[in-house]
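Here's the structure, in structure tokens; my notes come after.
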Amino acid sequence: MTAVTEPQAPAVGGQLATFWLDGDLYGVEVAHVQEVLRSQGLTRVPLAPAAVAGLINLRGQVVTAIELRERLGRPPRPEGIDAVVIVVRLHGEAVSLLVDAIADVVDVDPADFEAPPDTLDGSARELIRGAFKLDGQLLLALDVQKAVSA
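Oh and the sequence shown: position 75 is 221 in this note's numbering, straight run, nothing missing.
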């Protein structure tokens, strides 16, 4: 009997814009990032999924704001801590990701790309393409397409 393996996402390489979320370091491909903003005023959307934090007016363009803590099954952001907004562009559409803090842009080598850690489970595992071991830190590569899908 042969073992069934999950299809692995293609390796990520090049530059990743990194950010912190609930004490963990995540990254998205720089090519997807349009801009990074301080906390923005949100307009809540009635009956929207829990991960949709609301809508942001970005210079006249209405952009959906996705709460990554909710999408990744993390606890809510502590009161008094403002989210940082990462605006990503996918298929010509802008969507914003709410994170705890922005970090650096790092260069990663596709040869260092590894499968998601076994400690990830549930919705978080589905949204992580893989990981890179940096100096004393694990960088989780977020699948932006899946993260912004409801």
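Think of the CB as a built atom: it goes at the ideal place given N, C-alpha and C, for glycine as much as any other residue.
Just so it is clear, the structure is predicted and the values come from calculations on it, not from any experiment.
What is the DSSP secondary structure of residue i, counted as helix, strand or coil?
{"i": "Asp228", "result": "coil"}
Going by the CB atoms, is the gap between residue j and residue i shorter than 8 Å?
{"i": "Pro188", "j": "Val245", "result": "According to the sequence provided, residue 188 is Leu. The question's Pro does not apply to it. Result no, Cβ atoms of Leu188 and Val245 do not sit closer than 8 Å."}
{"i": "Ala247", "j": "Phe165", "result": "yes"}
{"i": "Ser242", "j": "Val198", "result": "no"}
{"i": "Val252", "j": "Leu162", "result": "yes"}
{"i": "Val174", "j": "Val254", "result": "no"}
{"i": "Val231", "j": "Val182", "result": "yes"}
{"i": "Ala293", "j": "Arg215", "result": "no"}
{"i": "Ala270", "j": "Phe278", "result": "no"}
Ends of the beta strand (DSSP E) at residue i?
{"i": "Glu260", "result": "First-last for Glu260: undefined, no H or E at that position."}
{"i": "Gly173", "result": "170-175"}
Which first and last residues belong to the alpha helix (DSSP H) in which residue i is found?
{"i": "Leu297", "result": "Summary: the structure shown does not reach residue 297, with the chain confined to residues 147 through 296, and so no result is reported for it."}
Checking the sheet assignment: what are the DSSP bridge partners for residue i?
{"i": "Ser242", "result": "Ala211, Val233"}
{"i": "Asp253", "result": "Gln161"}
Say whether chain C places a C-beta atom closer than 8 Å to the C-beta of residue i.
{"i": "Arg223", "result": "Structure shown: chain C not included; a single protein chain is present."}
Check: Can you list, in chain order, the stretches of the beta strand (DSSP E) that have 3 or more residues and sit fully within the region 177-222?
Finding: Contiguous beta strand (DSSP E) elements confined to the region 177-222 occur at 179-183, 198-204, 207-213, taking only those with 3 or more residues.
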